[in-house]
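S.K.: Quick one: the structure is below, questions incoming.
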Amino acid sequence: MSQRLIRPALCLVASCGTALAGGLDRTGQPIGILFEQGGDSGGYLQLDVFRANPDVTGTGAGIAGFVAPGGSYANVAEMFYGVGGALKLRINDQLSAAFIAEQPYGSDLLYPGSGLDTELGGTLAWAHTASLTALLRYRINENWSLHGGLRYQEIKGDIRLSGWAYGAPKALGLPSANGYKVSLAKDGAWGYVLGASYEIPEIAFRATLTYNSEITHEMDTVESGNPSPAFDGRSVTEVKTPRSVNLDLQTGIASDTLLYGSIRWAEWSAFRIDPVGFVHPVEEGGGGVGLVELDDTVTYTIGLARRFSEDWSGSAEVFYEPRQDGVVAPLFPSVGFWGAGLGLRRDWENFSLSLGARYTRLGDGRVETLPAGTARANFEENDILSLGLRVGYKF
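Put into structure tokens, the structure is as follows:
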């Protein structure tokens, strides 16, 4: 079984349901570059770019008929791009290093309309992250290896609550969350990565288990936009990006044919945004609850890759993330998804070019706010088309 069979870079557009599925995941935090064979020196460089085009439309449930009659919310999730790169260096026969730059999480969410006459119009959730990971891999023997390293991550974001779902508009002078804004300034913090792999080279089998630690940020925070003083002011908000575990599997099943799969668990329940003013008790002018609360996610992927010739290879995969009740929050909603992707790769002597495409069908979601169980909008039959490009160079 040929070890040179490497599945095309379909992972470029993995988890592109971002901002509406899988928490805020955009990359899945892959470490596959550690296993690239590289060129004569064992070195390998890759550059990635992807573009995601969400088609997310919902219908308002209406509030008191004449107040917010229930209109349409079109293009709630905006188009976004992602860029990244990675470098692998072979130190000796047992030790190699890798550096990975990526944008692992993000959100580009904006409900169209005004907070004066809609349930959620003007509500905004924007988040951006960037990380740099330095890894070492130590080969114990032909079968076993260990890997680990440090990750530096930066994050920033803005949130705005708008619409009658959060109460009367600020212009009416009544205490409510309608018109509330919070800005979370950029913060950088450190985490770590630990893992191990088991391989059987004769059949191109490899199982890799990787743990990504949570990263705790202390973000300078500015709250504003409500008559009550409890909503206004400066503070520091603790935000934790989630710890996660990736299990990646592959095995040869025929000459030049590879079966692969992965399971990713992410503890999104630990990702909370609780600005001090907003979480004050309601009688003090606060919201009385956390601003952002998410559920843990588990994402499954399985696929086939085949090398057609010395120069061409391709892959196809399906993926799934369950979501049982279909109830979502207006900010960073996670509704589950399923989908499929295709990848094609062309190899030259030292260069390779990979193209990937993914179709993601989002699960139907019912947006709710307080009081608990109060429906504000319904989102059905929405999807995302993602396209990715990877350029690789062996040296």
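All letters in the sequence shown, in the order written, are residues -21 to -1, 1 to 374 by mature numbering (1 follows the signal peptide of the UniProt record, and there is no 0).
Note that CB positions come from ideal geometry on N, CA and C, so glycine has one too.
(1) Write down the C-beta distance between residue 273 and residue 244 rounded to the nearest angstrom, noting that I regard them as a contact closer than 8 Å.
(2) Would you mind giving the Cβ-Cβ distance between residue 275 and residue 314, rounded to the nearest angstrom? I have them listed as a contact below 8 Å.
(3) With DSSP as the reference, label residue 257 as helix, strand or coil.
(4) With residue 294 as the anchor, note down where its beta strand (DSSP E) starts and where it stops.
(5) Can you tell me where the beta strand (DSSP E) with residue 131 in it begins and where it stops?
(6) Can we say the stretch 24 to 39 touches the stretch 250 to 258, given the rule of at least three CB pairs closer than 8 Å?
(7) Do the CB positions of residue 112 and residue 128 come within less than 9 Å of each other?
(8) So which of 354, 361 and 333 has the shortest CA-CA distance to residue 435?
(9) Considering residue 322, what are the terminal residues of the beta strand (DSSP E) in which it resides?
(10) Suppose the cutoff is 7 Å on Cβ atoms and the five residues either side in sequence are ignored; what does the same chain contact list for residue 131 look like?
(11) Could you check whether residue 141 and residue 152 sit closer than 9 Å to each other, using their CB atoms as the reference points?
(12) Given residue 187, which residues of its chain have a CB within under 6 Å of its CB, disregarding the five upstream and five downstream residues?
(13) Whole angstroms are fine: how far does the CA of residue 146 sit from the CA of residue 340?
(14) Buried or exposed: where does residue 150 fall if 16 or more other Cβ atoms within 10 Å of its Cβ makes it buried?
(15) Run through the DSSP bridge pairs and tell me what residue 67 is partnered with.
(16) Hey, out of 115, 349 and 290, whose CA is closest to residue 271's CA?
(17) At the level of alpha carbons, what is the spacing between residue 105 and residue 50?
(18) So residue 161 and residue 254 are in contact, right, with Cβ under 8 Å, and what is the actual spacing, rounded?
(19) So is residue 234 buried or exposed if we call it buried at 16+ other beta carbons inside 10 Å?
(20) So, with DSSP's three-state summary, where would you put residue 151?
(21) Let me check understanding here. Comparing Cα to Cα, which of 316, 63 and 143 lies closest to residue 30?
(22) Taking just the CA atoms, how far does residue 89 sit from residue 251?
(23) Can you give the beta carbon distance from residue 96 to residue 361, rounded, assuming they're within the 8 Å contact cut?
(24) So is residue 309 buried or exposed if we call it buried at 16+ other beta carbons inside 10 Å?
(25) Determine the burial state of residue 286: buried for a count of at least 16 other Cβ atoms within 10 Å of its Cβ, exposed for fewer.
M.R.: Let's see:
(1) Reading the sequence shown from its first residue, position 294 is the one you call residue 273. Reading the sequence shown from its first residue, position 265 is the one you call residue 244. Going by Cβ atoms, the distance from residue 273 to residue 244 rounds to 14 Å, so no, they are not a contact pair.
(2) The count along the sequence shown starts at 1 and reaches residue 275 at position 296. The count along the sequence shown starts at 1 and reaches residue 314 at position 335. That belief does not hold up - the Cβ atoms of residue 275 and residue 314 are roughly 14 Å apart, past 8 Å.
(3) On the sequence shown, residue 257 is found 278 positions in, with the first residue counted as 1. Correct three-state label for residue 257: coil.
(4) Here residue 294 refers to the residue found at position 315 of the sequence shown. Residue 294 -> beta strand (DSSP E) spans 291 to 300.
(5) Numbered from 1 along the sequence shown, position 152 holds the residue referred to as residue 131. Segment 123 to 139, the beta strand (DSSP E) holding residue 131.
(6) no
(7) Numbered from its first residue, the sequence shown carries residue 112 at position 133. Numbered from its first residue, the sequence shown carries residue 128 at position 149. Going by C-beta atoms, residue 112 is nearer than 9 Å to residue 128.
(8) The chain is shown from -21 up to 374; residue 435 falls before or after that span and cannot be answered.
(9) Position 343 of the sequence shown, counted from the first residue, corresponds to residue 322. Element bounds for residue 322: 316 to 326.
(10) For the purposes of this step, residue 131 is taken as residue 152 along the sequence shown, with counting starting at 1. Excluding positions up to five away in sequence, the list reads 110, 111, 167 and 169.
(11) Stepping through the sequence shown from its first residue, residue 152 is reached at position 173. Stepping through the sequence shown from its first residue, residue 141 is reached at position 162. Cβ distance not < 9 Å, so residue 152 and residue 141 don't count as in contact.
(12) Locating residue 187 in the sequence shown gives position 208, counting from the first residue. Within the same chain, residue 187 has close Cβ partners 176 and 227.
(13) The residue you call residue 340 lines up with position 361 of the sequence shown. The residue you call residue 146 lines up with position 167 of the sequence shown. So the two alpha carbons sit approximately 32 Å from each other.
(14) Numbered from 1 along the sequence shown, position 171 holds the residue referred to as residue 150. So residue 150 counts as exposed.
(15) Taking the sequence shown and counting its residues from 1, the one referred to as residue 67 is at position 88. Note: residue 67 sits in a beta bridge opposite 23 and 77.
(16) Taking the sequence shown and counting its residues from 1, the one referred to as residue 271 is at position 292. Residue 349 is the option with its Cα nearest to residue 271.
(17) Residue numbering aside, residue 105 sits at position 126 when the sequence shown is read from its first letter. Residue numbering aside, residue 50 sits at position 71 when the sequence shown is read from its first letter. The alpha-carbon atoms of residue 105 and residue 50 are separated by roughly 23 Å.
(18) Within the sequence shown, numbered from 1, the residue matching residue 161 stands at position 182. Within the sequence shown, numbered from 1, the residue matching residue 254 stands at position 275. Going by Cβ atoms, the distance from residue 161 to residue 254 rounds to 5 Å, so yes, they are a contact pair.
(19) In the sequence shown, counting from the first residue as 1, residue 234 sits at position 255. By the 10 Å Cβ count, residue 234 comes out exposed.
(20) Sequence index remark: in the sequence shown, residue 151 carries index 172 (1-based). DSSP places residue 151 in helix when its eight states are reduced to three.
(21) As a working note, residue 30 is residue 51 in the sequence shown. Taking only the C-alpha atoms, the option nearest residue 30 is 63.
(22) In the sequence shown, residue 251 corresponds to position 272, counting from 1. In the sequence shown, residue 89 corresponds to position 110, counting from 1. Spanning the two alpha carbons is a distance of roughly 20 Å.
(23) Residue 96 sits at position 117 when you count from the first residue of the sequence shown. Residue 361 sits at position 382 when you count from the first residue of the sequence shown. In fact, because the Cβ distance is near 24 Å, the residues do not count as touching under 8 Å.
(24) Taking the sequence shown and counting its residues from 1, the one referred to as residue 309 is at position 330. Its Cβ being crowded by 16 or more others within 10 Å, residue 309 is buried.
(25) Walking along the sequence shown from the start, residue 286 turns up at place 307. With 16 or more Cβ atoms within 10 Å of its Cβ, residue 286 is classed as buried.
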